[in-house]
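In the UniProt record's numbering, the protein residues as written are 1 to 364. Where is the CB? At the ideal position from N, CA and C, for every residue including glycine.
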Amino acid sequence: MTRLIEPQPGILDIALYQGGASHVQGVDNVIKLSSNENPFGAPESAKAAFAKAVHNLHRYPNTDHTSLRKAIGEVHGLDPERIICGVGSDEIIHFLCQAYAGIGDEVIYTEHGFSMYKISARAAGATPVCVPERERVVDIDAILDACTERTKLVFIANPANPTGTMIGQRDIAHLAANLPPQVLLVLDGAYAEFVEGFDGGAALVEARDNVVMTRTFSKIYGLGGVRVGWGYGPKDIIDVLNRVRGPFNLSEAQLAAAEAAVKDRDWVEKCREDNTRLRAWLAEALMELGIPSDTSCANFILARFTDEAEAEACDDFLKSQGIIVRKVAGYGLPNCLRITVGDEASCRRVAHVIGQFKGEQASV
């Protein structure tokens, strides 16, 4: 009998997401700078809230995330009724594709954009459309030129991953104002908290009916291992997304840790200040070694090497010294390595080891 069970169109075209490596064979103690994690971890308040939640493991969590949404709204000055929470911002991205794109539709993302945009589009049966960037920076005109009557979603990360570059609010507002009427603009603000005074696009969401913003607790809040994200958008769009969201998508422990973290503004400010200082130091140290990088607005540096061979060789040398960074050839950047800004000791260590690598190259 012929087997006729087949997945939906597009599913088998999905390349599995490759997370940052965590281990080096033969090395016990590694410095992991491959996943843009907060080197200082989560605030003590979040740890305490997570630990306290252990007493309610037998209880189902709240289904509408009221307390967390109120806390997010208070901190960011947003309407809690227009906030949706998910398993990282990845799940919000997936909801958007599931709800607003399907077979015959197109989803636009940019040349070096986060790989989940393409994955979620294909999972929904839609066609992902890659638009070129300009020197590793999102090109608004190229996006507008790529829009067709089939376009339903446009994804932009700002600041961007893995480039660290950022475009201004005027450009984003221009894009939102000139998109076809059936297109929803999604502003991925996973790294927004690393930019002093930046709202991640919240004001534009308030001003328009075709913009949604996503955020995460995985980066500056240090909750990558807990997986909580949120989105903010027009009330009717949030209502649609909640209809495809599982009622118990977040556990009691996730909700408690995230609520405590978002309220801990002193921790966020400390982490932002330390990241800004160490990011500038690392970028300058690499530049002195002849390794340029664009001005980063996130918690990583995209180090540019002469070619792919040099980037591969440097990655191998770093691993031999117990340092893990991220190769980004899959993002169209084969001559680059993305290096998370760690604590001061990690930054100094990675600069020292890359200096050794460059010295060995020069002596060959």
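Neighbourhood of residue i by C-beta distance below 6 Å, restricted to the same chain and skipping five residues each side
{"i": "F155", "result": "Y109, Y117, V186"}
{"i": "G222", "result": "N38, G41, A42"}
{"i": "F317", "result": "F357"}
{"i": "V211", "result": "A176, L185, L204, V205"}
{"i": "P159", "result": "M166, Y191, C297, A298"}
{"i": "E252", "result": "A53, N56, P61"}
{"i": "A46", "result": "A257, A260, A261"}
{"i": "Q169", "result": "none"}
{"i": "V226", "result": "Q254, A257"}
{"i": "P234", "result": "D209"}
{"i": "F114", "result": "A157, N161"}
Neighbourhood of residue i by C-beta, 7 Å cutoff - its chain only, sequence neighbours within 5 removed
{"i": "E133", "result": "T110, E111, H112, D139"}
{"i": "A202", "result": "H76, L78, M213, Y232"}
{"i": "S346", "result": "I31, L33, P39"}
{"i": "W281", "result": "C347"}
Cβ shell of residue i (< 8 Å), same chain only, five flanking positions each side left out
{"i": "S293", "result": "G164, A283, L286, M287, I301, L302, A303, R304"}
{"i": "residue 367", "result": "Because residue 367 is not part of the residues shown, which for the chain are 1 to 364, the question remains open."}
{"i": "E308", "result": "A329, P334, N335"}
{"i": "I11", "result": "R122, A123"}
Inter-residue Cα distance where the pair is residue i and residue j
{"i": "F248", "j": "P61", "result": "6 Å"}
{"i": "Q8", "j": "L250", "result": "27 Å"}
{"i": "P180", "j": "C147", "result": "7 Å"}
{"i": "G200", "j": "A362", "result": "43 Å"}
{"i": "I354", "j": "A15", "result": "31 Å"}
{"i": "A142", "j": "V129", "result": "12 Å"}
{"i": "residue 426", "j": "A177", "result": "Since the first residue of the chain shown is 1 and the last is 364, residue 426 is not available in this structure."}
{"i": "I5", "j": "D13", "result": "17 Å"}
{"i": "G322", "j": "T276", "result": "25 Å"}
{"i": "A126", "j": "I119", "result": "10 Å"}
{"i": "E310", "j": "C336", "result": "9 Å"}
{"i": "E344", "j": "E259", "result": "28 Å"}
{"i": "N56", "j": "L255", "result": "12 Å"}
{"i": "I93", "j": "R279", "result": "28 Å"}
{"i": "T66", "j": "A157", "result": "27 Å"}
{"i": "D209", "j": "E360", "result": "56 Å"}
{"i": "K319", "j": "L153", "result": "39 Å"}
{"i": "K327", "j": "E269", "result": "29 Å"}
{"i": "A207", "j": "D315", "result": "45 Å"}
{"i": "A48", "j": "R59", "result": "19 Å"}
{"i": "E74", "j": "D264", "result": "12 Å"}
{"i": "R136", "j": "Q98", "result": "28 Å"}
Inter-residue CB distance, residue i and residue j (contact presumed, cutoff 8 Å)
{"i": "I220", "j": "C271", "result": "5 Å"}
{"i": "N299", "j": "V341", "result": "5 Å"}
{"i": "G189", "j": "R215", "result": "5 Å"}
{"i": "E91", "j": "T151", "result": "About 23 Å separates the two Cβ atoms, so there is no contact after all."}
{"i": "G229", "j": "G88", "result": "4 Å"}
{"i": "G86", "j": "F95", "result": "7 Å"}
For residue i, the first and last residue of its enclosing alpha helix (DSSP H)
{"i": "I50", "result": "Sequence inspection shows Phe at residue 50; the Ile mentioned does not correspond to that position. Start and end: 44-52."}
{"i": "Y117", "result": "115-123"}
{"i": "Y232", "result": "Taken as a continuous stretch (DSSP letters only), Y232 belongs to no alpha helix (DSSP H), being part of the beta strand (DSSP E) at 229-232."}
{"i": "G88", "result": "88-100"}
{"i": "I237", "result": "235-244"}
{"i": "L185", "result": "Looking at the DSSP string, L185 is not in any alpha helix (DSSP H); the run it does join, the beta strand (DSSP E), is 184-188."}
{"i": "V268", "result": "265-288"}
{"i": "T66", "result": "66-76"}
{"i": "V205", "result": "202-207"}
{"i": "C314", "result": "308-320"}
Limits of the beta strand (DSSP E) - the one that residue i falls within
{"i": "A157", "result": "151-157"}
{"i": "I301", "result": "300-304"}
{"i": "R215", "result": "211-216"}
{"i": "V107", "result": "106-110"}
{"i": "I140", "result": "Premise fails: I140 lies in the alpha helix (DSSP H), 140-146, not in any beta strand (DSSP E)."}
{"i": "I339", "result": "336-340"}
{"i": "P181", "result": "Segment: none, P181 is in no beta strand (DSSP E) and carries neither H nor E."}
{"i": "C297", "result": "Segment: none, C297 is in no beta strand (DSSP E) and carries neither H nor E."}
{"i": "T127", "result": "127-131"}
Cβ contact (3+ pairs, closer than 8 Å) linking the stretch 230-249 and the stretch 76-96
yes
Can we say the stretch 192-205 touches the stretch 64-75, given the rule of at least three CB pairs closer than 8 Å?
no
For the stretch 324-344 against the stretch 173-184, do three or more pairs of beta-carbon atoms, one drawn from each stretch, fall closer than 8 Å, so that the two count as touching?
no
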